[in-house]
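Numbering (our numbering), first residue to last: 2 to 343. For each residue, glycine too, the CB sits at the ideal point set by N, CA and C. As structure tokens, the structure follows; a few thoughts come after it.
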């Protein structure tokens with residue numbers, strides 16, 4: 002352990018160096034006369050080099066258009082000299098498939114590394130020691146520790162309890178003996194489980210679609226109300242659908258789900274049900290934005306806009322509201338208390 006505290010710097014994988022012909026994630030540190038010096042992010046920032054000849058298959062007109070200091074990207078490992086510590090890399094030989102696989106692996110490894118580092122810091126122990134006891138054995142057993150961590154969310158005992166750790170001790174006769182002990186102490190186990198559950202418990206995705214819906218027939222507002230109810234009826238317990246008025250004739254359909262594909266499919270079904278019902282009464286529905294995942298920021302923008310429209314509506318006189326409703330055949334409809342707001 003380093004003086005003054007634990008050493009929290011460590012590579013992500015058991016091997017100190019990457020394998021040849023494998024894509025790795027790098028960050029560009031410096032551009033020199035012959036090429037670019039980079040740090041291998043998955044290997045505790047050990048140094049590698051990309052020669053200019055390995056930047057592109059095409060003629061290089063501007064190095065800065067191909068590589069910049071600070072940029073993070075996948076590259077291919079060409080040569081590894083473990084004795085001298087030289088690692089030659091190539092940008093031009095990495096394929097789109099290599100890039101996709103590297104980015105997926107790196108994102109998983111980065112999350113695992115962040116959790117491991119926080120546990121090591123909390124337990125005041127070296128990060129490499131924690132990897133030796135827990136991280137790297139899980140990599141060997143599951144292919145990637147990320148997969149083990151996902152299982153720990155619901156079943157930590159099955160994953161962690163079998164892990165053991167060898168320590169050297171001096172016996173009563175003065176001879177060194179190897180003793181096998183549990184790799185995970187109760188304190189480490191509790192810290193690890195809490196961190197994994199906090200960082201890896203799936204969060205519901207918010208999915209939204211924007212539509213315009215009009216009906217100029219007699220009782221058009223009631224027909225819109227029925228169409229809205231049809232849309233909500235398309236939801237399920239795991240994927241409930243809500244529809245709200247933003248401002249005539251704009252509505253939003255929303256759902257929350259752990260399964261993105263299920264959420265998208267459910268909103269499409271809700272829109273189809275809404276179209277079928279409103280067209281039955283000679284109304285019209287236009288999809289302005291197809292179902293897609295949205296962020297908290299998107300939600301805030303929508304809420305702010307809806308509040309703005311609400312305040313504007315409150316400023317209108319009752320007569321003006323009535324005239325507008327007569328013109329559009331629809332009003333400010335609430336699915337639970339549908340009708341024209343007076």
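As assigned by DSSP and simplified to three states, the class of residue 293: Correct three-state label for residue 293: strand.
Proximity to residue 248 [Cα-Cα], best of 283, 285, 282 and 313: Closest by alpha carbon: 313.
7 Å Cβ shell around residue 121 - same chain, five flanking residues per side excluded: If you ignore the 5 residues before and after residue 121, its C-beta comes within less than 7 Å of the C-beta of 7, 9, 127, 128 and 131, all in its own chain and listed in chain order.
Other residues of its chain near residue 123: CB distance less than 6 Å, five sequence neighbours each side excluded: So the qualifying residues of the chain are 192.
Reduced DSSP category for residue 187 - H, G, I as helix; E, B as strand; rest coil: Note: residue 187 maps to helix in three-state DSSP.
Of the residues 238, 316 and 271, the one placed nearest residue 252, counting alpha carbons only: The shortest Cα separation from residue 252 among 238, 316 and 271 belongs to 271.
Close Cβ partners of residue 257 (< 6 Å) along its chain, the five nearest in sequence each way excluded: Result list for residue 257: 205 and 207, in chain order.
Buried versus exposed call for residue 319 [16 or more other C-beta atoms within 10 Å across all chains shown]: Annotation note: pLDDT 45 at residue 319 (below 50); position unreliable, coordinate value reported separately. With fewer than 16 Cβ atoms within 10 Å of its Cβ, residue 319 is classed as exposed.
Integer-rounded CB distance, given that residue 245 should sit under 8 Å from residue 1: Absent from the structure is residue 1, since the part of the chain shown begins at 2 and ends at 343.
Residue environment, residue 255, which counts as buried when at least 16 other CB atoms sit within 10 Å: Classification of residue 255: buried, given that the 10 Å Cβ count is 16 or more.
Selected residue, minimal CA-CA separation from residue 68, among 285, 57 and 77: With distances taken between Cα atoms, residue 68 lies closest to 57.
Inter-residue CB distance, residue 43 and residue 13 (contact presumed, cutoff 8 Å): 5 Å between Cβ atoms; contact.
Residue 96 vs residue 55 beta-carbon contact at 7 Å: Cβ distance not < 7 Å, so residue 96 and residue 55 don't count as in contact.
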